[in-house]
Amino acid sequence: MQALENVGCFGIVSSGNSLNDEEISELCKMFKKHEKVSRLGVFIGRISDASFIKLREVGIKKIHHNLETSENFYSNICSTHNYQERVDTVKRAKKFGFKLCSGGLFGIGENLSERIDLAFTLKEISSDSVPMNFFMPIKGTALEHLPAMEPTEILKTLAIFRIILQTPDIMVCGGREMHLRDLQSWIFQTGANGMMTGEYLTTGGRDITIDRQMIEDLGLQLETE
């Protein structure tokens, strides 16, 4: 938890479609042990109304649940559940008073029009922050054949999302280091005002001290909630 001194939110992430009641209860017990940490968010898939209430009771304030891509393209990527289920989850998170963190994954075969559709959907659901992930082709996976996104394409996508979304935070997350390389600092010139730092789910990220130095070199300030 030491890294919380330098970041706006510390995310707790699970794998799979959702957690069962027992797993939610165990998670809530853990949160109670760290009740002094005020910047916790959960990334735990679909959530029932009862679980939303439990999470509120232990002080969780932010729910992360990506829509991933446009409704039109979604069936090309996911077959375990439909798009409306994801939309329903984020709408209920807002109903229960959580801050909503919802964004997408880019470079999975979608076109520019489908990216724009996603941006307008995120605007409609009033996501408070929008994480933008950029697909990293990994050998042995179903999409290993897809080409990596060009840095200029990523920066253009960020600019389009900023124009459409206007006020929400735009966070650059997975794929930043791999795709942007020496252009990582440009994200703040083209629309982003935040980024994920440290380790990701299945791939390594960049050391937080390097990211902090980049922010300081740009003359920007770190913000904590």
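Once you know that position 125 of the sequence shown is 124 in numbering that gives the first Met the number 0, the rest is easy, because the numbers rise by one and skip nothing. C-beta: ideal position from N, C-alpha, C; glycine also. Since this is a predicted model, take the numbers as computed values, not measurements.
Cβ-based burial, Met170 [other Cβ within 10 Å; buried from 16]: Along the sequence shown, one-based indexing puts residue 170 at 171. For Met170, the number of other beta carbons within 10 angstroms of its own is at least 16, and it is reported as buried.
Residues of its chain near Lys122, where Cβ-Cβ distance is below 7 Å and the 5 sequence neighbours each way are ignored: Position 123 of the sequence shown, counted from the first residue, corresponds to residue 122. Within its own chain, the residues whose Cβ lies closer than 7 Å to the Cβ of Lys122, once the five positions on either side in sequence are excluded, are Ile163, Leu164, listed in chain order.
Straight-line gap, Ile43 to Asn192 (C-alpha atoms, nearest Å): Counted from its first residue, the sequence shown places residue 43 at position 44. Counted from its first residue, the sequence shown places residue 192 at position 193. Between Ile43 and Asn192, the alpha-carbon positions lie close to 24 Å from each other.
Supposed close pair Met194, Arg175 - CB separation, criterion 8 Å: As a first step, residue 194 is located in the sequence shown; it is residue number 195 there, counting from the start. As a first step, residue 175 is located in the sequence shown; it is residue number 176 there, counting from the start. For Met194 against Arg175, the beta-carbon gap comes to about 6 Å, under 8 Å, which counts as contact.
Own chain, CB closer than 7 Å to Ile214, minus 5 neighbours either side, in chain order: The sequence position of residue 214 within the sequence shown is 215, counting from 1. Same-chain partners within the cutoff: Leu221.
Completely contained alpha helix (DSSP H) runs for the region 108–195, where each covers 4 or more residues: The region 108–195 contains these whole alpha helix (DSSP H) runs: 111–124, 150–164, 175–179.
Cβ neighbour criterion (16 or more within 10 Å) applied to Leu142: Mapped onto the sequence shown, residue 142 falls at position 143. By the 16-neighbour rule on beta-carbons within 10 angstroms, Leu142 is exposed.
Beta-carbon proximity check, Arg45 vs Ser17, cutoff 7 Å: Translated into the one-based positions of the sequence shown, residue 45 becomes position 46. Translated into the one-based positions of the sequence shown, residue 17 becomes position 18. Yes, these two residues count as a Cβ contact at 7 Å.
Residue environment, Met0, which counts as buried when at least 16 other CB atoms sit within 10 Å: On the sequence shown, position 1 is the one that residue 0 refers to. Any answer about Met0 is weak, because its pLDDT of 40 lies below 50 and its placement is not dependable; what the coordinates show is given next. Result: exposed.
Under 7 Å between C-beta atoms of Met131 and Gly108: Locating residue 131 in the sequence shown gives position 132, counting from the first residue. Locating residue 108 in the sequence shown gives position 109, counting from the first residue. Gly108 is positioned such that its CB atom lies no closer than 7 Å to that of Met131.
Best match in Thr156, Asn19, Phe95, Leu66 for proximity to Ile52 [C-alpha to C-alpha]: For the purposes of this step, residue 52 is identified with residue 53 of the sequence shown, where counting begins at 1. Minimum Cα distance to Ile52 is reached at Phe95.
Identified DSSP bridge partners for Phe105: Here residue 105 refers to the residue found at position 106 when the sequence shown is read from its first residue. According to DSSP, Phe105 bridges with Phe133.
Ser14: CB within 6 Å of a non-hydrogen atom of the ligand GDP: Summarising the ligand content, the structure contains no ligands, and the ligand GDP is consequently not present.
Buried versus exposed, by CB contacts within 10 Å (16 or more), Thr79: Position 80 of the sequence shown, counted from the start, is the residue given in the question as residue 79. Exposed.
Separation of Thr189 from Ala158, as counted between CA atoms: Along the sequence shown, one-based indexing puts residue 158 at 159. Along the sequence shown, one-based indexing puts residue 189 at 190. So the alpha carbons of these two residues sit roughly 5 Å apart.
Exposure label - Ala2; buried when at least 16 CB within 10 Å: Sequence index remark: in the sequence shown, residue 2 carries index 3 (1-based). In this prediction, Ala2 scores a pLDDT of 46, lower than 50, which makes its location untrustworthy; the coordinate-derived value is nonetheless stated afterwards. Classification of Ala2: exposed, given that the 10 Å Cβ count is below 16.
6 Å Cβ shell around Lys93 - same chain, five flanking residues per side excluded: For this step, residue 93 is matched to residue 94 along the sequence shown. Contacts found: Leu99.
Residues near Asp168 by beta carbon distance below 8 Å, same chain, minus five either side: By one-based count along the sequence shown, residue 168 stands at place 169. Within the same chain, and ignoring the five residues on either side of Asp168 in sequence, the residues whose Cβ sits closer than 8 Å to its Cβ are Asp127, Ser128, Val129, Asn192, Gly193.
Exposure label - Thr166; buried when at least 16 CB within 10 Å: Against the sequence shown, residue 166 aligns to sequence position 167. Its Cβ having fewer than 16 others within 10 Å, Thr166 is exposed.
Candidates Ser50, Leu39, Ile153, Asp116: closest to Phe72 by CA position: For the purposes of this step, residue 72 is identified with residue 73 of the sequence shown, where counting begins at 1. It is Asp116 whose Cα lies nearest to the Cα of Phe72.
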